[in-house]
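Reviewing the structure listed below.
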Amino acid sequence: MAPTAAPPPLPGKKRRIGMMTSGGDAPGMNGAVRAVVRMAIHKGCEAFAVYEGYEGLVQGGDYIRKMEWEDVRGFLSEGGTLIGTARCMSFMQRPGRLQAAKNLITKGIDALIICGGDGSLTGADLFRSEWPSLLEELVQKNELTTEQVEPFRHLNIVGMVGSIDNDMSSTDATIGAYSSLARICQAVDFIDATAFSHSRAFVVEVMGRHCGWLALMAGISTGADFIFIPENPPEDGWEQEMCKIVSKHRALGKRKTIVIVAEGAQDRHLNKISCSKVKDLLANDLGLDTRVTTLGHVQRGGPACAYDRTLATLQGVEAVEAVLDAGPETPTPVISIIENKICRQPLMEAVKLTKSVAEAIQAKDFVKAIGLRDAEFKEYHTAYVTTTAADQPHLLLPENKRKRIAIIHVGAPAGGMNPATRAAAAYCLARGHKPIAISNGFPGLCRHHDDKPIGSVQELKWLDVEGWASRGGSEIGTNRGLPSADMAKTAECFEKYQFDGLFVIGGFEAFTAVSELRKAREQYKAFRIPIVTLPATVSNNVPGTEYSLGNDTCLNALIDYCDAIRQSASSSRRRVFVVETQGGRSGFVATVGGLSVGAAAVYTPEEGINLKMLELDIDHLRDQFAKDRGQNRAGKLILRNERASDVYTTEIIANIIKEESNGRFDSRFAVPGHVQQGGIPSPMDRVRAVRLAVKCMQYLEDYSLSGDDLVADPMSATLIGVKGANLVLSPMKQLEEHETDWPARRPKNEFWLGLKDIVDILSGRYKVHHPEA
Ligand code: ATP
Numbered sequence: 003m004a005p006t007a008a009p010p011p012l013p014g015k016k017r018r019i020g021m022m023t024s025g026g027d028a029p030g031m032n033g034a035v036r037a038v039v040r041m042a043i044h045k046g047c048e049a050f051a052v053y054e055g056y057e058g059l060v061q062g063g064d065y066i067r068k069m070e071w072e073d074v075r076g077f078l079s080e081g082g083t084l085i086g087t088a089r090c091m092s093f094m095q096r097p098g099r100l101q102a103a104k105n106l107i108t109k110g111i112d113a114l115i116i117c118g119g120d121g122s123l124t125g126a127d128l129f130r131s132e133w134p135s136l137l138e139e140l141v142q143k144n145e146l147t148t149e150q151v152e153p154f155r156h157l158n159i160v161g162m163v164g165s166i167d168n169d170m171s172s173t174d175a176t177i178g179a180y181s182s183l184a185r186i187c188q189a190v191d192f193i194d195a196t197a198f199s200h201s202r203a204f205v206v207e208v209m210g211r212h213c214g215w216l217a218l219m220a221g222i223s224t225g226a227d228f229i230f231i232p233e234n235p236p237e238d239g240w241e242q243e244m245c246k247i248v249s250k251h252r253a254l255g256k257r258k259t260i261v262i263v264a265e266g267a268q269d270r271h272l273n274k275i276s277c278s279k280v281k282d283l284l285a286n287d288l289g290l291d292t293r294v295t296t297l298g299h300v301q302r303g304g305p306a307c308a309y310d311r312t313l314a315t316l317q318g319v320e321a322v323e324a325v326l327d328a329g330p331e332t333p334t335p336v337i338s339i340i341e342n343k344i345c346r347q348p349l350m351e352a353v354k355l356t357k358s359v360a361e362a363i364q365a366k367d368f369v370k371a372i373g374l375r376d377a378e379f380k381e382y383h384t385a386y387v388t389t390t391a392a393d394q395p396h397l398l399l400p401e402n403k404r405k406r407i408a409i410i411h412v413g414a415p416a417g418g419m420n421p422a423t424r425a426a427a428a429y430c431l432a433r434g435h436k437p438i439a440i441s442n443g444f445p446g447l448c449r450h451h452d453d454k455p456i457g458s459v460q461e462l463k464w465l466d467v468e469g470w471a472s473r474g475g476s477e478i479g480t481n482r483g484l485p486s487a488d489m490a491k492t493a494e495c496f497e498k499y500q501f502d503g504l505f506v507i508g509g510f511e512a513f514t515a516v517s518e519l520r521k522a523r524e525q526y527k528a529f530r531i532p533i534v535t536l537p538a539t540v541s542n543n544v545p546g547t548e549y550s551l552g553n554d555t556c557l558n559a560l561i562d563y564c565d566a567i568r569q570s571a572s573s574s575r576r577r578v579f580v581v582e583t584q585g586g587r588s589g590f591v592a593t594v595g596g597l598s599v600g601a602a603a604v605y606t607p608e609e610g611i612n613l614k615m616l617e618l619d620i621d622h623l624r625d626q627f628a629k630d631r632g633q634n635r636a637g638k639l640i641l642r643n644e645r646a647s648d649v650y651t652t653e654i655i656a657n658i659i660k661e662e663s664n665g666r667f668d669s670r671f672a673v674p675g676h677v678q679q680g681g682i683p684s685p686m687d688r689v690r691a692v693r694l695a696v697k698c699m700q701y702l703e704d705y706s707l708s709g710d711d712l713v714a715d716p717m718s719a720t721l722i723g724v725k726g727a728n729l730v731l732s733p734m735k736q737l738e739e740h741e742t743d744w745p746a747r748r749p750k751n752e753f754w755l756g757l758k759d760i761v762d763i764l765s766g767r768y769k770v771h772h773p774e775a
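Note that our numbering has the sequence shown beginning at 3, numbered continuously upward.
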């Protein structure tokens, strides 16, 4: 057979990059494809989509198509994978992989980015390791000539983990996992209402054959009474244990029971724990009216949540960078995320580690199995156990170690405040501390009538907080007022209630309040107690952290809003919507929201707005609308932070665009306002609230200094936050003095500033503003 023609590689470092999605579909895969295609084109490379996963690679021909910029328009908001996926048997065999190698070379493709689960990534690694021998065989069989294969001696592969199970080691999150969790939590929240109404029990089965991440996180997010996960099977006698816990909760006054079972749940002898067995126990032994709900494939569906869109986008960009950085000997990387940092890890080690979890489970070595999951997984598991079951005598501290811990909310409400309060209170109760809620912030604490306090401080009981795992807003009430409004009175109240530690949840006001208390310790001895702040604000503008509770809920509310108006914009006519986002003087919400919705432009207070900028953006819009064709028409969005400019308001910008478009397109403005605070907190905010609140309680519990020693200790007033790949407690003094831009009410170095270029690159705006680049 005559060898098929193959194009030469692109000149210089430029590459032809194939992108494929493989294994089970996961929300966010489309965002990954969009990011890879556009970043590749931005870098001067050519991008190809391999349709239907490895099946397309083996079939070749029209299954491997060159992608242009416009081909991925609108991808971000679509669920599943638009380029298709398949389970492909022929790629498991060498002849299939031989054909795949030939197909890649005949298209001139010399790098492959694969988004899939551990199976897909194992296949990818095998393909790369066999590559030289596959080329040899192709020449031997006269399928290709030596000259043709020569430029393709090295195939670079980069893995991205797309899987709803979050089952890959070496990364905190896989693309799709949080979207799936959102679907599960939404379903359980709905079930919760009916369970409560009828005082029923529900057994809910969620996906996860070898990995209990979804079940664990759903358990934490919904305050489920009991969970079953494959990595940590319950001890023998679990039947009685589960019934005991459920009975206790019922005896305390709980009207509903939720038990979450991972698909792969089993006991310590590897016998399956089925939903029907759990149901029978609850029904027969406890006499509860019990139903089973199997969520099934709804867990895979729907559009990606904000986090998955951002994760997929940033990882897609990183994957292209990894291709361009790779040399012939570079080991195949997989793109991961640790806390808030996108990283590259050796792919095969990650796959090996992942497989060893399943092996450890099979070998009944459950300590090893849970140990092989990320540290975060273990922490979450401990947090769940500590904060869920009421009355666990073995967790109680001796009397002399128990403390009175005050909990206060400061500033605007943010998703996650209630779950954090619930977790803190439950932790305190489990350990024997007294959790004391201060209602309505510092003004609430100081509110007195005839010199008597009026019900603003009360001890929390288990049942008070039990239902707060999924509740939005602030149940104990929040207020912007600062202690400085009446420092003497605040100190008097602290003295009166004899707090041993203070847990402050809130945004920049909370940060300011803690700073005031810390500085007032010289004067008022009552403030000489350990204080910890948990940042919670939609604006995500608190120094010392890259993540505040509530910002994920806010971004999800914003993308839902933007998706809806974008649909309206594309259905009616060529229209651009200018959407005003919250965020105060921080452009975080606008920028990361822009990344999640694929905004045409983002205006932030950090950068400001000027006429030249608007002019270039209008030229860009004109150009983009001119390229719109048929199915690919999509409405455009611009996100403008509420404080980006005093002059160029959201309405004025929309009017300028309309006027300058010369009738070629229309423009409107939209202000989602407080919609952005979200209703029900997102699962990410719920689970992080629990993890962070427990850490804060542990800090207060362990803190032992007092008096002058405490005043001198920088760690006596702290803030918990995520910094890059680390979760850290930072001393407030350091943050106040070195990391805070006080007039602008934001951190001096905002971690997300660099993300703005990515929004611009992926919308094509970057080239318009930097023609020299
Ligand atoms: P999910 O986590 O959703 O199950 P996955 O990527 O693990 O995703 P698999 O069905 O295991 O899903 O793998 C997808 C495809 O990857 C397979 O159909 C096959 O084509 C290829 N593949 C998997 N394992 C291998 C292997 N060991 N060798 C070659 N190809 C493989």
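A virtual CB, placed ideally from N, CA and C, is assigned to each residue, including glycine. All values reported here derive from a predicted model rather than from experimental measurement.
Between Ser732 and Gly726, the beta carbon gap of about 13 Å keeps them out of contact (Cβ cut-off 8 Å). Residue range 377-390 is occupied by the alpha helix (DSSP H) that includes Tyr386. Asp191 places its beta carbon less than 8 Å from that of Ile682. The C-beta of Asp327 has fewer than 16 other C-beta atoms within 10 Å across all chains shown, which makes the residue exposed. For Leu702 against Ile407, the beta-carbon gap comes to about 6 Å, under 8 Å, which counts as contact. Here the alpha carbon of His212 sits roughly 14 Å from the alpha carbon of Phe379. Under the 8 Å Cβ criterion, the stretch 164-172 counts as touching the stretch 20-28, having at least three qualifying pairs. In summary, Leu399 is exposed, with fewer than 16 beta-carbon neighbours lying within 10 Å of its beta-carbon over all protein chains present. The C-alpha of Leu519 is placed about 43 Å away from the C-alpha of Ile262.
Excluding five sequence positions before and after Leu737, the CB atoms of its chain that fall closer than 7 Å to its own CB belong to Pro545, Gly546, Leu721, given in chain order. By the criterion of a C-beta distance shorter than 6 Å, Thr292 is surrounded in its chain by Ala203, Lys281, Leu284, Ala285, once the five residues flanking it on both sides are discounted. Under the criterion of beta carbons closer than 8 Å, Gly418 and Gly552 qualify as touching, at roughly 5 Å. Nearest in C-alpha terms to Ala538, of all of Ser550, Lys527, Arg530, is Ser550. By the Cβ criterion, the stretch 148-158 is in contact with the stretch 8-16, since at least three pairs of Cβ atoms, one from each stretch, lie closer than 8 Å. Cβ contact annotation for Glu265 (same chain, cutoff 8 Å, sequence separation greater than five): Glu207, Val208, Met209, Gly210, Arg211, in chain order. As for any alpha helix (DSSP H) of minimum length 4 sitting wholly inside the stretch 589-642, the runs are 590-599, 613-629, ordered along the chain. With a cutoff of 8 Å on beta-carbon distance, Cys277 and Pro685 are scored as not near each other.
Just so you know, the alpha carbons of Lys436 and Lys491 end up roughly 23 Å apart. The residue among Thr312, Ala34, Gln700 with its C-alpha nearest the C-alpha of Met22 is Ala34. With 16 or more other Cβ atoms from the protein chains shown falling within 10 Å of its own Cβ, Glu582 counts as buried.
Under the three-state reduction of DSSP output, Gln394 falls in the coil class, being neither helix nor strand. C-alpha of Pro773 to C-alpha of Thr389: approximately 55 Å in a straight line. The C-alpha of Lys104 is placed about 8 Å away from the C-alpha of Leu146. Ser647 and Ile655 have their C-alpha atoms spaced approximately 11 Å apart. Collapsing the DSSP output to three states places His740 in a helix.
Contact annotation: the stretch 132-147 does not touch the stretch 50-69, with fewer than three C-beta pairs closer than 8 Å. Its Cα nearest to that of Phe368, the residue Ile231 stands out among Glu741, Ile231, Ala775, Asn420. Ranked by Cα distance from Val534, the first of Lys463, Ala528, Ser517 is Ser517. Around the Cβ of Ala714, a 10 Å sphere holds fewer than 16 other Cβ atoms; the residue is exposed.
Short of 6 Å from the beta carbon of Tyr53, and not among the five residues preceding or following it, lie these beta carbons of its own chain, in chain order: Tyr65, Ile85, Gly86. Under a 10 Å Cβ-count criterion, Ser441 is classified as buried, with 16 or more other Cβ atoms of the shown protein chains found around its own Cβ.
Beta-bridge analysis with DSSP links Ser278 to no other residue. Residue environment analysis places Pro395 among the exposed positions, since fewer than 16 neighbouring C-beta atoms fall within 10 angstroms of its C-beta. When DSSP states are grouped into helix, strand and coil, Glu70 belongs to the coil group. Pro415 places its beta carbon 8 Å or farther from that of Thr514.
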